[in-house]
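Please read the structure below before turning to the comments.
Number of protein chains: 2
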Amino acid sequence: MTQRQRRVRDRTERGQRIVSAARELAEAEGWDAVTTRRLAALIEYSQPVLYSHFPGGKDAIMAAAALEGFAELAAALTAARDGGVAGVAGAYVEFAGAKPALYDAMFTLASELPFAQDDTPEVMQEAYGGLVAVIEPVAGTQDAGVLTEVFWSALHGLITLDRGHRLSPAHRAERLDLVVARFGART
Amino acid sequence: MTQRQRRVRDRTERGQRIVSAARELAEAEGWDAVTTRRLAALIEYSQPVLYSHFPGGKDAIMAAAALEGFAELAAALTAARDGGVAGVAGAYVEFAGAKPALYDAMFTLASELPFAQDDTPEVMQEAYGGLVAVIEPVAGTQDAGVLTEVFWSALHGLITLDRGHRLSPAHRAERLDLVVARFGART
DNA sequence: CAGTGTTTCTAGCATCGCTAGGATTGCTAG
DNA sequence: CTAGCAATCCTAGCGATGCTAGAAACACTG
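So the sequence lines, in the order shown, correspond to chains A and B. Following the working numbering, the numbering of the first sequence begins with 371 at its first residue and continues without gaps. Following the working numbering, the numbering of the second sequence begins with 371 at its first residue and continues without gaps.
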């Protein structure tokens, strides 16, 4: 029954191609440009094929892309752990800057993904853990969970407002330094 | 030529009704539910009338609603000025919680509005000024502008992540207190 | 009352996400 | 080898979206 295996493999490969195509297109032209028709054309199949892979339709595809993003973010944060709060903060901001559409899918759009719940996917907990790991040592008497959430919120706010041209571009580095200074110091 | 005046007044009134209807509908069912057809039905006119008021279409209507939001936010922040950093932070969060759709229009959607530029509308500068006013006294040697931007980003991050169920609902108050503690203390 | 200019509506275009039903393909059993 | 079955895929279409052109209705002027 190796044929069956091959068919299964082909299927998963095609599913991967769908997500990859969606990510590339979103990064190039934004998620609004990611239409089911364009996706179907990119993978050289017809639209209904998308729904056989992702019954949830476009939202499910975005969620799948977001999950990939969480895995990559977790890896980036883990790699930057030695840099402490400053290192992780820098890695987080760099990730958001390098893959803005993916970051949107993860945090702004796609509210389907369960956060901070029992059924939260592991990769998402890992990514969050990358933040906790560097905040925990400097939390002192402060609740590490709350402090991490606020630290994360500050980074997220900086990123989203900066992207929407809400903040002066000149002080970008200063702002990040300030966040690190206010949250990275042991209390 | 009072008739001409009356016609002008009717027109502006109708334009106001469009924005009000959009706001109500958005607050009740989200901006996705705000379609040009439903808006037209609400004001009891046909669709093209919307475009005579807002040539930019739906985006322009959202921008107009956002502008109203900035005026209301500015008023709320000004009223809370006596409360210091904690008071203003609380007013900001309360505003976002009371009018979530409006907040989205102001900061998440509608990237047409010019921020931090020369042609930034006055009400937007006023709203931002409401933040600066309480941060400036506690800035110390720190650049007040940068500190305000970071303070604002932290609030904005808290709000958007919390709304997307990204944060644990139990610690909402704690998080706000923590932001105030880290940014409201004189350095 | 006729003419003129403005205002408004009807109807339609292109596109969107999504789906039903038939056509095509590949596998299996006789 | 072939007939039948099952899985796979595509064509065609639905309802809805933002937006617009051209016709119809309106209000005002001479």
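Don't be surprised by glycine CBs; every beta carbon is placed ideally from N, CA and C. Everything numeric in this text was worked out from a predicted model, so none of it was measured.
Look at the beta carbons and you see the region 487-498 of chain B not touching the region 496-506 of chain A: under three pairs across the two are nearer than 8 Å.
Scanning chain B for C-beta atoms nearer than 7 Å to the C-beta of Val516(A) yields His541, Glu544, Arg545 and Leu548, reported in chain order.
In this structure, Ala461(B) sits near Gly453(B), with a CB-CB distance shorter than 9 Å. Chain order gives the chain B residues near Val520(A) as Ala524, Leu528, Arg545, Leu548, Val549 and Arg552, where near means a beta carbon separation below 8 Å.
In the three-state DSSP reduction, Phe465(A) falls in the helix class (H, G or I). Annotation for Arg536(B): no alpha helix (DSSP H) segment contains it, and DSSP assigns it neither H nor E. In this structure, Arg545(B) lies near Leu528(B), with their beta-carbon atoms less than 9 Å apart. Between the region 459-474 of chain B and the region 383-402 of chain B there are three or more C-beta pairs closer than 8 Å, enough to call the two in contact. The C-beta of Gln512(B) comes closer than 9 Å to at least one C-beta of chain A. Beyond the five residues adjoining it in sequence on each side, Phe465(A) comes within less than 6 Å, by CB distance, of Leu443 and Ala446 in the same chain, given in chain order. Here the alpha carbons of Gly439(B) and Ala468(B) stand approximately 12 Å from one another. DSSP places Val493(B) inside the alpha helix (DSSP H), whose first and last residues are Glu492 to Ile505.
A Cβ of chain B is located within less than 9 Å of the beta carbon of Thr478(A).
For Thr405(A), the number of other beta carbons within 10 angstroms of its own is below 16, and it is reported as exposed. For the 9 Å CB-CB criterion, Ala435(B) and Leu409(B) do not form a contact.
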